[in-house]
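Keeping their order, the protein sequence lines are chains A and B.
So in UniProt numbering, spot 19 of the first sequence is number 19, and the numbers just go up one at a time.
So in UniProt numbering, spot 104 of the second sequence is number 104, and the numbers just go up one at a time.
We put the CB at the ideal spot given by N, CA and C, even for glycine.
Shown next, in structure tokens, is the structure this report addresses.
There are 2 protein chains.
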Amino acid sequence: MADKITSIDIRILKLLSRNARLTYKELAEILGTTRQRISRRMDRLERNGVIKKYTVIPDYDALGYIHVILGITVKPTVNIDEIIHILVEDENVKVVQRALGTHNLVIHVVGPKDMKELEKMIAEVTRKIPEIDKLDITFITDTVKFEVL
Amino acid sequence: MADKITSIDIRILKLLSRNARLTYKELAEILGTTRQRISRRMDRLERNGVIKKYTVIPDYDALGYIHVILGITVKPTVNIDEIIHILVEDENVKVVQRALGTHNLVIHVVGPKDMKELEKMIAEVTRKIPEIDKLDITFITDTVKFEVL
Chain A
1 MADKITSIDI
11 RILKLLSRNA
21 RLTYKELAEI
31 LGTTRQRISR
41 RMDRLERNGV
51 IKKYTVIPDY
61 DALGYIHVIL
71 GITVKPTVNI
81 DEIIHILVED
91 ENVKVVQRAL
101 GTHNLVIHVV
111 GPKDMKELEK
121 MIAEVTRKIP
131 EIDKLDITFI
141 TDTVKFEVL
Chain B
1 MADKITSIDI
11 RILKLLSRNA
21 RLTYKELAEI
31 LGTTRQRISR
41 RMDRLERNGV
51 IKKYTVIPDY
61 DALGYIHVIL
71 GITVKPTVNI
81 DEIIHILVED
91 ENVKVVQRAL
101 GTHNLVIHVV
111 GPKDMKELEK
121 MIAEVTRKIP
131 EIDKLDITFI
141 TDTVKFEVL
């Protein structure tokens, strides 16, 4: 991260976090600047990885899916990088996060509502992780608020 | 959810989940259909709440923040709706999710890197939740993968 984050960057990020589909023109009007400047700042934020992705937050229930969070604690001797490398390739695993604290790995699985099938899917994923000390399974029933910044 | 989700909806959602800034024109070209149809389907998905939000996934570390997940289990007698109502209003609480399983409430806090300040912020949030049975605190150190669908 060589480039400094400026206050205009933060303002752009806040606006995009509420609506990632705002056009350069709309952002420029709200922030009282030019399209060119917005475009330049956003390119930079994307290139630097400050913006990892523009995405949608869907209602999984409406789509017929269940959103499951697995909070995983592995034994201290385990190489987390190796596990992450394997999990990232698994298309059933949507989110992979390194962590510190109660869990040292947080993964999200989006699966079928059928509990027997879901159980099978979760088992297939967790089988890839050696030496799990603790596995906390949480089914998200409703995302009431989702903000980023 | 009166309207049925069609296969074109799913294809639109998958594309937007990878890049929420795709224009109607780009989506139409990829899916071999018209701008009008894309616009109509997206309006519908937004109106129905199937698309809850278009947002960005930022690199919190680069912005000087820490992303903390609190997995909370409250006593069975507690009214979760009341707690959610209070937490949603707290600007330090970015994500609020109802849940079933290990935790019955998952909340995300984005706070300062200074651990003393962060501790204070977390304490202020958790103080609003009566009768916590179990609180799991997980600091996200890296979001390696973030997909939605």
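Residue range of the unbroken beta strand (DSSP E) whose run includes His108(B): 105-112
Among Lys134(A), His67(A), Val74(A), Lys53(A), the one whose alpha carbon lies nearest that of Asn19(B): Lys53(A)
Option in Ile12(B), Ala99(B), Ser17(B), Gly32(B) with minimal Cα separation from Thr141(A): Ala99(B)
Met115(B) classed as buried or exposed, judged by whether at least 16 other C-beta atoms fall within 10 angstroms: exposed
Contact set for Leu87(B): own chain, Cβ-Cβ below 7 angstroms, skip 5 residues either direction: Excluding sequence neighbours, Leu87(B) sits near Val93, Val96, Ile107, Lys128.
Beta-carbon spacing of residue 175(B), Thr102(A) below 8 angstroms: In the structure as shown, chain B begins at 1 and stops at 149. Residue 175(B) is therefore absent and cannot be evaluated.
DSSP beta-bridge partners of Ile57(B): Lys53(A)
DSSP-derived helix/strand/coil call for Lys134(B): strand
Within chain A, partners of Ser39(B) - CB distance below 7 angstroms: Here the premise fails: no neighbours, minimum Cβ distance about 12 angstroms.
Chain B contact for Asp133(A) (CB, 8 angstroms cutoff): no
Euclidean distance between Cα positions of Leu45(B) and Ile51(B): 6 angstroms
Among Lys14(A), Ser17(A), Arg37(A), nearest to Lys25(A) - alpha-carbon criterion: Arg37(A)
CB of Val68(B) within 8 angstroms of CB of Gly111(B), strictly: yes
Helix, strand or coil at Arg47(B) [DSSP, three-state]: helix
Lys120(A) - containing alpha helix (DSSP H), residue span: 115-126
DSSP bridge partner residues for Asp142(A) (one or two, in chain order): Arg98(B)
Pro130(B) vs Val78(B) beta-carbon contact at 8 angstroms: yes
Closer than 9 angstroms at the beta carbon, the chain B residues around Gly111(A): Chain B residues near Gly111(A): none, gap ~12 angstroms exceeds 9 angstroms.
Residues, ordered as in the chain, of the region 91-107 of chain B that lie near chain A by beta-carbon distance below 8 angstroms: Cβ proximity to chain A below 8 angstroms picks out Val93, Lys94, Val95, Val96, Gln97, Arg98, Ala99, Leu100, Gly101, Thr102, His103, Val106 from the region 91-107 of chain B.
Val148(A), DSSP secondary structure in three states: Correct three-state label for Val148(A): coil.
is_contact[Leu49(B), chain A] using C-beta, thresh 8 angstroms: One detail in the question is off: residue 49(B) reads as Gly in this sequence, not Leu. By this cut-off, Gly49(B) is an interface position.
Residues that DSSP places opposite Gly32(A) in a beta bridge: Under the DSSP definition of a beta bridge, Gly32(A) lacks any partner.
Reduced DSSP category for Ile8(B) - H, G, I as helix; E, B as strand; rest coil: helix
Cβ separation of Ile30(B) and Leu15(B), assumed to be a contact under 8 angstroms, to the nearest whole Å: 6 angstroms
is_contact[Pro130(B), chain A] using C-beta, thresh 8 angstroms: Answer no: the Cβ-Cβ gap between Pro130(B) and chain A never drops below 8 angstroms.
Residues near Val74(A) in its chain [Cβ-Cβ closer than 8 angstroms; skip 5 each side]: Ile80, Ile83, Asn104, Leu105, Ile129, Pro130, Glu131, Ile132, Asp133
Within chain A, the residues that Asp136(B) reaches when beta carbons sit closer than 8 angstroms: Gly71, Gly101, Thr102, His103, Asp136
Backbone secondary structure at Ile80(B) - three-state DSSP: helix
Enclosing beta strand (DSSP E) for Gly71(B) [first to last residue]: 65-74
Under 7 angstroms by beta carbon: chain B residues contacting Ser17(A): Near Ser17(A) (Cβ distances below 7 angstroms), the residues of chain B are Thr55, Val56.
Assigned exposure category for Thr143(A) - 16 Cβ within 10 Å defines buried: buried
Presumed contact (8 angstroms Cβ cut-off) between Leu63(A) and Ile5(B), rounded CB distance: 6 angstroms
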